[in-house]
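Trainee:
In my numbering, the protein residues as written are 1135 to 1441.
(1) Could you name the residues of the same chain whose beta carbon sits closer than 8 Å to that of residue 1225, not counting the 5 residues immediately before and after it, in chain order?
(2) So if DSSP puts residue 1266 in a beta bridge, which residue, or which two residues, is it bridged to?
(3) Quick check on DSSP: helix, strand or coil for residue 1433?
(4) Determine the extent of the alpha helix (DSSP H) in which residue 1148 is found, giving its start and end residues.
(5) Quick check on residue 1156: does DSSP put it in helix, strand or coil?
(6) Are residue 1339 and residue 1391 closer than 9 Å when you measure CB to CB?
(7) Given residue 1380, which residues of its chain have a CB within under 7 Å of its CB, disregarding the five upstream and five downstream residues?
(8) Measure the alpha-carbon distance for residue 1217 versus residue 1433 and round it to whole angstroms.
(9) Taking residue 1240 as the reference, which of 1267, 1430, 1385 has the closest Cα?
(10) Can you tell me where the beta strand (DSSP E) with residue 1233 in it begins and where it stops?
(11) Quick one: grab the DSSP three-state call for residue 1141.
(12) For residue 1203, which of helix, strand or coil comes out of DSSP?
(13) Where does residue 1180 sit, in a helix, a strand or coil, going by DSSP?
(14) Please report the straight-line C-alpha distance between residue 1264 and residue 1256, rounded to a whole angstrom.
(15) Between the Cα of residue 1281 and those of 1245, 1157, 1393, spot the shortest distance and give me the residue it belongs to.
(16) Could you tell me the alpha carbon to alpha carbon distance between residue 1223 and residue 1326, rounded to whole angstroms?
(17) Quick check: what's the CA-CA separation for residue 1213 versus residue 1254?
(18) Please confirm whether residue 1211 and residue 1430 have their CB atoms less than 9 Å apart.
(19) Is it right to say residue 1334 is buried, meaning 16 or more other beta carbons lie within 10 angstroms of its own, or is it exposed?
(20) Using CA coordinates, which residue listed in 1388, 1395, 1354, 1317 is at the minimum distance from residue 1346?
(21) Could you say which of 1221, 1366, 1233 lies nearest to residue 1273 if we only look at CA atoms?
(22) I need the DSSP call for residue 1293, collapsed to helix, strand or coil.
(23) Apart from the five residues just before and just after residue 1146, which ones in its own chain have a Cβ nearer than 8 Å to its Cβ?
(24) To the nearest angstrom, how far is the alpha carbon of residue 1324 from that of residue 1373?
(25) Helix, strand or coil for residue 1302? Go by DSSP, reduced to three states.
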């Protein structure tokens, strides 16, 4: 059986059999631009040239990435990987590599915090910057997750698609708010009546009838959650199309994503006990896990088609 050696970010790994090599590619640990070698080869070759069937390749060469992420996406499982395995994969990816993700998340937080410090109008720059900064964060963690070279400058690549990022962020927020209003409409009417009549029973009933609006808002937020990921992988998408594709991608997986988020609730409480210092580690961990979730939603590589 052929034993392969890999050159990734200046480090040599191996030997690996072909099955293990395919696993590395699926996890994003080995990209098309990394090098591979086995006994009998005259020189190291890019993995994409040696294994074109494992990467997105066309007759004219490598397909230009349509998005902001310069690393080809690995094949997923169509969302079949359990959340426990996704978080385990996130920990393995971060093992020995915490420094850059921590620094990146800290920089993103400081910029967002500083933009909100302006008296009276701090919410305006925060609102404007939120979409592009979120897109930059996702580009970094998609690159990191897929074995590429991330850097702090990636935080600002979202400004290349400023209008789309801003529009997607605002449109998703407005849609969630509209669905919440619709779901809570009966409760709002009852609350108004309660205020007019000063009836405690009506007040309690109105609050109970507003719960469906909160639930509906959470469901819709989960449905739109992958829109920015999709733009990072295809910057030609507009806000409406990205949200539409996100809804399709999340069909049947909203509960799974909700449960994945709840896996970090206990860790978040512990971070509060450290006066927030623990979030330096929790935030990158969560970002990698959610990025793994997105990549895992994709179909297996053999089922993907080059456009």
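Yeah, the Cβ is synthetic: ideal placement off N, Cα and C, and Gly gets one too.
Mentor: Concretely, from the data shown:
(1) 1419
(2) Paired residue(s): none; residue 1266 is not in a bridge.
(3) coil
(4) Run containing residue 1148: none in the alpha helix (DSSP H); it sits in the beta strand (DSSP E), 1145 to 1150.
(5) helix
(6) no
(7) 1357, 1358, 1359, 1360, 1361, 1364
(8) 17 Å
(9) 1267
(10) Unbroken run through residue 1233 is the alpha helix (DSSP H), 1233 to 1249; no beta strand (DSSP E).
(11) strand
(12) coil
(13) strand
(14) 12 Å
(15) 1157
(16) 50 Å
(17) 44 Å
(18) yes
(19) exposed
(20) 1317
(21) 1366
(22) helix
(23) 1139, 1140
(24) 35 Å
(25) helix
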